[in-house]
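Heads up: the structure comes next, in structure tokens.
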Amino acid sequence: MNKNQDERIAVAGRIYDLDSEVCRILGTRLSRVFNGSRDATIRELAELMTTRTTGHLLRSELAMISNMARTIPEKEARAKVMTEYNEILHLVEKIPTSFGTVDILDENIAKLNAANLSGRFAEGNHFIVCIGRSYGSAGTDIGFALADKLKINYYDTEIFVEVMERLEAGQDELEDRASFAHHQNLNQNLGLERNRTIRQRIKEFNRYHGLPKEDAVFFNQSDLLRDMAQKEDFIVMGRCADVILSNLHIPHISIFINAPFELRARRVMSTDNLSYKEAVKLLHRLDRRHSHYYEYYTGREWGNSINYDLCINSASYGIDGSVELILRIINQHTNHNIGNQK
0 MNKNQDERIA VAGRIYDLDS EVCRILGTRL SRVFNGSRDA TIRELAELMT
50 TRTTGHLLRS ELAMISNMAR TIPEKEARAK VMTEYNEILH LVEKIPTSFG
100 TVDILDENIA KLNAANLSGR FAEGNHFIVC IGRSYGSAGT DIGFALADKL
150 KINYYDTEIF VEVMERLEAG QDELEDRASF AHHQNLNQNL GLERNRTIRQ
200 RIKEFNRYHG LPKEDAVFFN QSDLLRDMAQ KEDFIVMGRC ADVILSNLHI
250 PHISIFINAP FELRARRVMS TDNLSYKEAV KLLHRLDRRH SHYYEYYTGR
300 EWGNSINYDL CINSASYGID GSVELILRII NQHTNHNIGN QK
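For the sequence shown, numbering that gives the first Met the number 0 gives the first residue as 0, with consecutive numbering after it.
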């Protein structure tokens, strides 16, 4: 076993043990992120660290652990597990094939930025940040890091999973079209749809209340976001959350993160191990897919600056610089008490 594999195994062990400790403190096994045996789970986690294309899965699992940890009522116990979480996160980010190691910074553009930034949220309103992003702009990395800086929960694919549970549907029945997990089929499998039996069609009609499956998911997702907004501060990635919350008159900050197409392509070549031609093709397909999804459910143009409070060219600042920029703006224009849990 080489040194890198030893490091991945060690980090995976700490992740599993942290999950166990958080659930022990909370006194429940129902919310365990990892329910398999320790050895098998560690092997799976170590495997996730070997390829950047699976980084979103590892990030999602870490986010779920931190979300649970922040609910620990006892301050000292919460601080202890969050310290361990932060240490694990830094170790994961240092692994060459893990997420967050490929920045989007364009140093020539960055030199032009002085970043000299000199109450939307009243008491009783929770602090919510909705982030839209183009693939390859490091928007997901920025959102994940921002949640940690603010010490608030981070949600992405977890919302889709929760909606599937509400609908009592299997995740293999419907793809998460709001996700950037592009290993999924980017097109609807019309052949499978045509081959469904009458009994299957009736069952789905009842399950989705007579709505197309995608619409049922979207409306349940909207209800879930409304419920979440009444209970906690959080960051949510994509999912038309900005428009959903606007229509519900729920205060939030909406951000769109983008970068020059060429830089996005170069970053995707590195993160997804693709040729330049493959990266360009993937970006065009994902841009079309997410533009159509957003415009279909909101009536707005995806990525149009007038639809967001803040638009960021992440190539101008990089991941860390973009997080710092957002934090400066938040601190200047809100007086909401967030990020103070240790």
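Glycine is no exception: its CB is placed at the ideal position from the N, C-alpha and C atoms.
- For E161 and V101, the gap between their C-alpha atoms comes out near 30 Å.
- Between Y153 and I234, the gap from beta carbon to beta carbon is short of 8 Å.
- The Cβ-Cβ distance between D308 and I252 falls below 8 Å.
- Under the three-state reduction of DSSP output, L324 falls in the helix class.
- Between N312 and N257 the beta-carbon gap is near 6 Å, inside 8 Å, which marks them as a contact.
- Setting aside the 5 residues that flank it on each side, M63 is surrounded in the same chain by V32, E157, each with a C-beta closer than 8 Å to its C-beta; the list follows chain order.
- No Cβ-Cβ contact shorter than 8 Å links A137 with V322.
- Taken atom to atom, the span from the alpha-carbon of N34 to that of H289 is near 33 Å.
- F233: member of the beta strand (DSSP E) spanning 233–236, first to last residue.
- Residue burial annotation: L247 is exposed, with fewer than 16 other C-beta atoms found within 10 angstroms of its C-beta.
- By the neighbour-count criterion, in which 16 or more other beta carbons inside 10 Å mark a residue as buried, S36 falls on the exposed side.
- With a cut-off of 8 Å on Cβ pairs, the segment 123–130 is not in contact with the segment 78–95, counting fewer than three such pairs.
- Residue state for F255 is assigned as strand, using DSSP reduced to three classes.
- With a contact defined as Cβ atoms closer than 8 Å, L47 and T40 miss out at about 11 Å.
- DSSP lists F255 as the bridge partner or partners of G131.
- Classified as exposed, T70 has fewer than 16 neighbouring CB atoms from the shown chains inside 10 Å of its CB.
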